[in-house]
Structures are given as C-alpha cells and as structure tokens.
Amino acid sequence: METKDDDKPDNSATGLAGRVGAALDRRGFSTPALRVRAGVVALAVAATAVGLGIGGWALLADDMTNRFGPDSVCDEVVSSRAVNDALGSGKVSAEPYEGDVSRGTAACIVTVAGGMFGDDRSLMVSLNQSKDVFHLPISPGARTFAASANGGAVGAVQGREAWALLPGGCPNGLWAQVTAYSGKEPDALKLARLAVSTADRMADHRGCGTAPLPALRELTPPAAERELDGDAVCGLPGISVYRAPDKRYKEAVTAGSDPLWTCEITPEGEHESTSALVIATEPRLRPDATDRNTSPAFGRARWVGSLPRDEIVVTCHGRPTYFRIGTIRHLGYLFSTSDEAWKQFLTAGGEAIGCEPIL
Numbered sequence: 021m022e023t024k025d026d027d028k029p030d031n032s033a034t035g036l037a038g039r040v041g042a043a044l045d046r047r048g049f050s051t052p053a054l055r056v057r058a059g060v061v062a063l064a065v066a067a068t069a070v071g072l073g074i075g076g077w078a079l080l081a082d083d084m085t086n087r088f089g090p091d092s093v094c095d096e097v098v099s100s101r102a103v104n105d106a107l108g109s110g111k112v113s114a115e116p117y118e119g120d121v122s123r124g125t126a127a128c129i130v131t132v133a134g135g136m137f138g139d140d141r142s143l144m145v146s147l148n149q150s151k152d153v154f155h156l157p158i159s160p161g162a163r164t165f166a167a168s169a170n171g172g173a174v175g176a177v178q179g180r181e182a183w184a185l186l187p188g189g190c191p192n193g194l195w196a197q198v199t200a201y202s203g204k205e206p207d208a209l210k211l212a213r214l215a216v217s218t219a220d221r222m223a224d225h226r227g228c229g230t231a232p233l234p235a236l237r238e239l240t241p242p243a244a245e246r247e248l249d250g251d252a253v254c255g256l257p258g259i260s261v262y263r264a265p266d267k268r269y270k271e272a273v274t275a276g277s278d279p280l281w282t283c284e285i286t287p288e289g290e291h292e293s294t295s296a297l298v299i300a301t302e303p304r305l306r307p308d309a310t311d312r313n314t315s316p317a318f319g320r321a322r323w324v325g326s327l328p329r330d331e332i333v334v335t336c337h338g339r340p341t342y343f344r345i346g347t348i349r350h351l352g353y354l355f356s357t358s359d360e361a362w363k364q365f366l367t368a369g370g371e372a373i374g375c376e377p378i379l
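According to the numbering used here, numbering within the sequence shown proceeds without interruption in unit steps and concludes at 379.
Listed below in structure tokens is the structure:
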C-alpha cells in the first residue's frame, strides 16, 4: 500500500520536539518544570554511565596488561617484558623470599594477573650452583641451546622448566632457573629466552660477566628414543657391545654436543635401570675440577673426586671437558668390564667432539 506524504513522520526540528513533548506528557511530565527535571536526571545518568565505563576500562587495562606495572621484578633481575612474552599478557608482580635472588640466597615467585577472568599465571625464579653436570636439570626430552649457535647463551628447556648459565666471566656452575607453575605450558623458546634474560641480569647484579648474553635464537630438537645400536652405541662408532639374547635396550641421544651431549641407555621395561653417558664441553656447566684432588684414570684423563668413579676430566684444545657414566653397574650386560666401557667411551666420545687423542 502506498504511503501518502501526509502519513510520513515529520523529522523536522518542530516535528521531533512535538513527539518528545507528547512522550513526556504520557509519562506525567506535563509541565515545563517537570520536563526540565527529567532532562537533568537523564543527563546525570548518562554521565555516570560514561564515567563508569572509562574507569572500568582503565581498571581492566591495568589488569590485562603491564602498561602501568613495573619494568622488572625480583630485585630487578627479571624482565617484565620477558615474563609477559613467556606467560602472556597481564600485570606483573612478585613476592621474593627473604634474601637476594641475584646472590643465590633466595627464590622469587612472579605472578601475571589474569584480570577479571581470574587466569593468573605464576613461575619461580632462582639462582643455583651445580657441583657437577648431574645436578643440572636435564631430563630425557630436554632441548638444549648451544653457546656456538646463540652467542654464548647456554642452557636447556623442557616442559615448564628452563635454565641458563650465567655468562662467561662469572663463577662456573652458576645458572638461573625459571619454573612455570600454572597456566598452559609456555612456548619452549620463549621460556628459554626468559631464563637467558634472567641469567644476564643476575650477572649484572653480581658484577660479573665479560659480555651480555644476546637474545636466544634456536633450540636443539629433543632426544628421540630408538633401539640400541650394538655396533655404534649412542651413535658413536667405536663403542660396540654384547647384548644377551633375552635383553633389549633403548637409547635416547641429544641432537647436539655443545654445551652438553647425553645418551640415556635403558633396558626395555626397566626404566629405573637407566644409565647415562655424558660429555660436557662447556666449562661453565660445573665448577672447575682442576683445583680438586684428581688422580690418573686412562691416558691423559683424570678421575674427578673420590668414589664412586663416575666422572673424568680431560683437556681438549686447552679447555677442561668432562666425561661421565652414570650408574655404570647397569651396563654390566653390555661391557666386559667397567674399564672397557670407559676406554671405549673416552676414545669414541673424544673423536666425536674433535678432542686430541686421550688414550
């Protein structure tokens, strides 16, 4: 049906004013004074709503980002930007334990606020010192990052845990560790970068370190488990073993040798009997053994410490390099004697890392 021009709504100022007046009349605002009061109340309600909206968004932005938060926490050794990169956006805060986290006397809990959604995430930061390479948190499946590929940054990451050595010029064996406790599992590279950043800042506070650590670039792949190669154990030609017909073994070898090469050897169905072959090519991984009482082992190599005889140090191209066999008694089915296991490992392992002849 066609609409006549007379039936169309009057959108002129006069027409709109008339319709507003009629609406106010229907609601009881029939006099000029009452209409003015209604207008004042409406404006006040609108202004309050706008004010609450601005304030609410400001509070939300404060909780959902670190825009108004600290640049660093934990005695300034933890970068808030690196925390946000690893755990996601949100306001960063921390609760350090008594002591100084940059001196190794304390740990620090860092929290990233989840705002109105309650998605808080947290991690712990600490400084540790290893007595030997087996005190470092490297478990099967860990991904290492090598000094040669990352400008001096050394460490490893697995799951919710990452660690990084303090830079050269600091005491050997010192490493920063970060462990995420809540929220989804962080990206491995981002968590490792947080560990490197923290190690670098700890060095600044300790007044050590000959050069700052650069941003981390790459990680090695995790070790892949495979059946033991009896003619080249752990991928090292020269280590050959005898396997009993009723015994099967698995081996898991890390992809790189800088700073650390590891191989886990496990009898099938007996994961509690795992043995480990370890070569530490980065002296910063552990305190120097040259100031300890060492005794001759095999060839140029010397034993580190007393019983059990499970670690050897040898100089490779002027740098101390450490060889370790963990729980050697579990390898009894593979080698005729423990001495034979050591000799094969030192020879094949030394050749693999380009060391001068050891035996």
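By construction, the Cβ of each residue, glycine as well, lies at the ideal position given by its N, Cα and C atoms.
- P377 is classed as exposed because its beta carbon has fewer than 16 other beta carbons within 10 Å across all chains shown.
- Taken atom to atom, the span from the alpha-carbon of T347 to that of S356 is near 15 Å.
- Cβ contact annotation for G193 (same chain, cutoff 6 Å, sequence separation greater than five): Q149, S150, R306 and P307, in chain order.
- If you draw a 10 Å sphere on the C-beta of F88, you find fewer than 16 other C-beta atoms in it, and that means exposed.
- In this structure, DSSP gives C228 a state outside helix and strand, which the three-state scheme calls coil.
- Around A317, the same chain offers W323 and I332 as residues with beta carbons nearer than 7 Å, after the five sequence neighbours per side are excluded.
- Annotation: the continuous alpha helix (DSSP H) that includes S358 extends over S358 to A372.
- Taking the CA atoms as reference points, H350 sits about 43 Å from D105.
- In this structure, P232 lies near P187, with their beta-carbon atoms less than 9 Å apart.
- Residue pairing of F318 in beta bridges, as defined by DSSP: absent, with no partner found.
- Distance from the Cα of A173 is smallest, within the candidate group L209, T199, I129 and K204, for L209.
- For R101, the enclosing alpha helix (DSSP H) stretches over residues S100 to L107.
- Taken through DSSP and simplified to helix, strand or coil, V93 comes out as strand.
- Taking all protein chains shown into account, E247 has fewer than 16 neighbouring C-beta atoms within 10 Å of its C-beta and is therefore exposed.
- Close CB contacts of A223 within its chain, under the 6 Å cut and outside five residues either way in sequence, are with L186, P187, C190 and G229 (chain order).
- The C-beta distance from L107 to L147 rounds to 20 Å, too long to fall under 8 Å, and the pair is not in contact.
- The beta carbon of P241 is closer than 8 Å to those of R163 and A275 in its chain, skipping five residues each way along the sequence.
- Rounded to whole angstroms, P279 and I285 show a C-alpha spacing of 20 Å.
- For R306, the secondary structure class from DSSP, reduced to helix, strand or coil, is coil.
- The beta strand (DSSP E) runs lying completely inside the segment 147 to 201 and spanning 3 residues or more are 163 to 165, 175 to 178, 181 to 185 and 194 to 200, given in chain order.
- Selection F165, T218, S202 and P206 evaluated against G179 yields P206 as nearest (Cα-Cα).
- R268 sits exposed, since fewer than 16 C-beta atoms from the chains shown fall within 10 Å of its C-beta.
- Comparing alpha carbon positions, the residue from R320, E181, E360 and A368 closest to W281 is A368.
- Rounded to whole angstroms, the gap between the alpha carbons of R221 and W195 is 12 Å.
- Restricting attention to C94, G319 and G352, the CA atom closest to the CA of G370 is found in G319.
- Bounds of the beta strand (DSSP E) holding R344 are R339 to G346.
- Within the same chain, and ignoring the five residues on either side of A126 in sequence, the residues whose Cβ sits closer than 8 Å to its Cβ are P116, Y117, E118, G119, D120 and S146.
- By the C-beta density criterion, G374 is exposed, having fewer than 16 other C-beta atoms within 10 angstroms.
- Contact between S99 and S92 holds, with the beta-carbon distance rounding to 6 Å and staying under 8 Å.
- Nearest neighbour of S277 by Cα position, chosen from P265, I299 and V261, turns out to be I299.
- E238 is positioned such that its CB atom lies closer than 9 Å to that of F165.
- Just so you know, the alpha carbons of A219 and A184 end up roughly 6 Å apart.
- Beta-bridge partners of M222 (DSSP): none assigned.
- For E290, there is no enclosing beta strand (DSSP E), since its DSSP letter is neither H nor E.
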